[in-house]
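Chain order of the listed sequences is A and R. Positions 958 to 1276 (our numbering) are the ones given, in order, by the first sequence. Positions 958 to 1276 (our numbering) are the ones given, in order, by the second sequence. Using N, Cα and C, we set each Cβ at its ideal position, and we do this for glycine too. Since the structure comes first, as structure tokens, the remarks are kept for the end.
There are 2 protein chains.
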Amino acid sequence: MADLAKVAGVSAITVSRALRDSPLVNAETRARVRDVAQQYGYAFNVSARNLKLRRSMTVAVVVEMKPTVERQMSGPYPLDLLGGITQELTSTGYSVLLTSLQGGALPNVRAADGVILLGQGAHEDAMHEVQRWGRPMVVWGAVSRHESQIVVGSDNRRGGALAAERFIALGRSRPAFLGDPAHGEFAERLEGFSTALARHGITPIAPTVSSFTVGAGADAVHALLQAHPQVDALFAASDLLAIGAIRALIERGRRVPEDVSVIGYDDSPLGATYVPPLTSVHQNFIDAGVLLARKVRALIEGEDAVSETLPTHLVVRTT
Amino acid sequence: MADLAKVAGVSAITVSRALRDSPLVNAETRARVRDVAQQYGYAFNVSARNLKLRRSMTVAVVVEMKPTVERQMSGPYPLDLLGGITQELTSTGYSVLLTSLQGGALPNVRAADGVILLGQGAHEDAMHEVQRWGRPMVVWGAVSRHESQIVVGSDNRRGGALAAERFIALGRSRPAFLGDPAHGEFAERLEGFSTALARHGITPIAPTVSSFTVGAGADAVHALLQAHPQVDALFAASDLLAIGAIRALIERGRRVPEDVSVIGYDDSPLGATYVPPLTSVHQNFIDAGVLLARKVRALIEGEDAVSETLPTHLVVRTT
DNA sequence: TTGAAAGCGCTAACAA
DNA sequence: TTGTTAGCGCTTTCAA
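Below is the structure:
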């Protein structure tokens, strides 16, 4: 910058201002500085700015990417979420630092101006962990679980209720829920599901399924049919689980949807293209990502932000 | 650091060294400094280090996350790739800066010590774009296309050959390839496919399909059957395309696999759980991510790195 | 094994 | 509208 200043015949601070489009600098001067910068291939030094400004213009996004059995963040969802976040953040000069829970130890991550946590984890353990990092934080997960935190999530209760209402409309009377209520989002889905069913005097069976794989869904349904052969409707906490469930149903000679109705969650391409095409509760992950990004940014910039619930709707297909 | 130095009764530079585990500092001194740092909740300032060292300890990963029709990076693959990259990079102190092609303008991205590009784009346009950023770069894509670049990719030619060999073994004689050779990886798959078939005197039909959606696959197959009703084997450049193809085949009254064999690419969960379960060429994205990470790191640290091809294998299922 | 001095490149505060 | 001064927090000489 000092060199540019010399060449352009101004002071370093003027160069700094020109490059930042400060209104304090004459349009002509700015143009000249910019030209010179261009011409000499000047490269701005972010570290120096960050040092001076005490910020990093960086938001850490915590995702669990490890291939684990209990892999909630598989499929295209986190990528959509990440897409929304990245789009919104980069359009305002922030960068996205991708990290896992373990990454909290990295200096770069510690220096992030804010954190977005994707998935609060079973029993909110991930959330508590990240909270210890002491940065402005926004979470994607179950909104109802945390008054004290800023959480963006889709309306899981409504999602559950939609599934229940659909089953009622179809005349089903022995529904089951497949999922693990230890995860706040799933607990909300079950709550909405149960509450809506209760209005019709129905209590769902709810075996805990703590993996999110096709296999887990199939196993759970095999066990379920053994204990409750009269089940006629299955609401799964994810499309993957629903697909496993359908497989098990067919293996046991039940027809879908004639004998048993099945509703999944997430409206994933996997479910949409499955045979039979899966009825599923839809959530818009890209919008969610944008919203998460706006909220951390607000927090970082000292404004306040509130939790928010995104609408959800049922996509009726064959099952 | 200066404050810590005072409290610990040493100089700032000693604190610096102690915190970095420098061998130049006495073990006792180090322990004392660390204790004090811990106790006072000292937070290391990355920007200052980066300013001094002229590096950012950051690697930009360029992914196309925008929801476009031609969305090569959909599905779980990029997340696996990202998982492998993140795991490897963070274990050596680097952070992952997630960005898109447009993100190249961001100061943080420009400051990255290296770049990993996921997918070279049609006609390698993405690659040329990123190359202009002037940073050490490693690309995930078609290895054979670029002598001058460091590319990691799976063995697409072998993948194509595996599909061809399978068709031959099944006695198929009128195969087609579905995909867009403008993308280097797909061109390689087609090359391997054609070459292996040529050994049996067979030339595949290869209509260009430039979208990567289920719908595109279906449309392409409808058109294909119109022109070439005798087709008895379909090799698709992705599982999504293969699934669309199967749908169209069934709509036209062909049985899979009795009348027409279908092989997809990527071995995605979507394909594996599809009905009928899709035969597909498998690639290991996590390993690939780790490899990409190692190679940029080598480049950044002044070592040299070479392009590398990862093995590929056929997962035979029903189709 | 420890320390003193100097400076990385930027911008805020204050002057002119 | 422009410039001067100072300093953000770290690490690399070089010296002790």
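- When DSSP states are grouped into helix, strand and coil, LEU1271(A) belongs to the strand group.
- Secondary structure of VAL1171(R) (DSSP, three-state): helix.
- Residue contact with chain A for ALA1068(R): present (Cβ-Cβ distance below 8 Å to some residue of chain A).
- In this structure the region 1108-1126 of chain A does not touch the region 1175-1187 of chain A; the number of beta carbon pairs closer than 8 Å is below three.
- Separation of GLY1259(R) and SER1167(R) (C-alpha to C-alpha, rounded to the nearest whole angstrom) is 39 Å.
- Here the alpha carbon of LEU1055(A) sits roughly 46 Å from the alpha carbon of ARG1129(R).
- Taking 8 Å as the cut-off, the beta carbon of LEU1075(R) is found no closer than this to the beta carbon of PRO1132(R).
- In the structure shown, PRO1132(A) falls within a strand segment according to DSSP collapsed to helix, strand and coil.
- Between the C-alpha atoms of VAL1217(A) and THR1152(R) there is a straight-line separation of about 49 Å.
- Non-local beta-carbon contacts of GLY1149(A) in its own chain, meaning distances under 7 Å to residues more than five positions away in sequence, involve ASN1113, ARG1114, ARG1115, GLY1116, GLY1117 and ALA1118 in chain order.
- Per DSSP, the unbroken alpha helix (DSSP H) holding MET1084(R) starts and ends at 1082-1088.
- The Cβ of THR1236(A) sits no closer than 8 Å to any Cβ of chain R.
- Of the candidates VAL1219(R), GLY1078(R), GLU1215(R) and LEU1249(R), VAL1219(R) places its Cα closest to the Cα of SER1195(R).
- By alpha-carbon distance to THR1275(A), the top candidate from ARG1251(A), LEU1256(A), SER1264(A) and ASP1224(A) is ASP1224(A).
- What TYR1231(R) touches in chain A, judged by beta-carbon distance under 8 Å, is THR1230, TYR1231 and VAL1232, going in chain order.
- Think of a sphere of 9 Å around the beta carbon of GLY1060(A): the chain R residues whose beta carbon falls inside it are THR1043, THR1047, SER1052 and VAL1053, in chain order.
- DSSP places GLY1071(R) inside the beta strand (DSSP E), whose first and last residues are 1071-1075.
- Here DSSP, grouped into helix, strand and coil, assigns LEU1063(A) to coil.
- For GLY1117(R), the enclosing alpha helix (DSSP H) stretches over residues 1113-1126.
- When CB distances to chain R are screened at a threshold of 7 Å, the residues of the region 1181-1208 of chain A falling below it are ILE1200, in chain order.
- When the beta-carbon positions are compared, ALA1193(R) and LEU1271(R) stay at least 8 Å from each other.
- Cβ neighbours of PRO1064(A) within its own chain (closer than 8 Å, five residues either side excluded): none.
- With a cutoff of 8 Å on beta-carbon distance, VAL1095(R) and LEU1256(R) are scored as near each other.
- For THR1015(R), the enclosing beta strand (DSSP E) starts and ends at 1015-1019.
- LEU1058(R): not part of any alpha helix (DSSP H); DSSP gives it neither H nor E.
- At a cut-off of 8 Å between C-beta atoms, LEU1036(A) counts as an interface residue with respect to chain R.
- Secondary structure within the region 1215-1275 of chain A: the alpha helix (DSSP H) runs of 4 or more consecutive residues, fully enclosed, are 1226-1230 and 1242-1257 (chain order).
- By the Cβ rule, the region 995-1008 of chain R does not count as touching the region 1232-1247 of chain R, because fewer than three pairs are nearer than 8 Å.
- Residue-level contact check: PHE1001(R) touches chain A, since one or more beta carbons of chain A fall below 8 Å from its beta carbon.
- Excluding the 5 residues flanking it on each side, ILE1203(R) has same chain C-beta neighbours closer than 6 Å at VAL1213 and VAL1219, in chain order.
- Residue pairing from DSSP places PHE1192(A) in a beta bridge opposite PHE1134(A) and ILE1220(A).
- Taking 8 Å as the threshold, the shortest C-beta distance from THR1276(A) to chain R does not fall below it.
- ILE1207(R) and GLY1141(A) have their alpha carbons spaced roughly 41 Å apart.
- In its chain, beyond the 5 residues on either side, GLN1240, LEU1267 and THR1269 have a beta carbon closer than 6 Å to the beta carbon of SER1111(R).
- For SER973(A), the closest Cβ of chain R is not nearer than 8 Å.
- Note on geometry: alpha-carbon atoms of GLY1078(A) and PHE1143(A) lie some 11 Å from one another.
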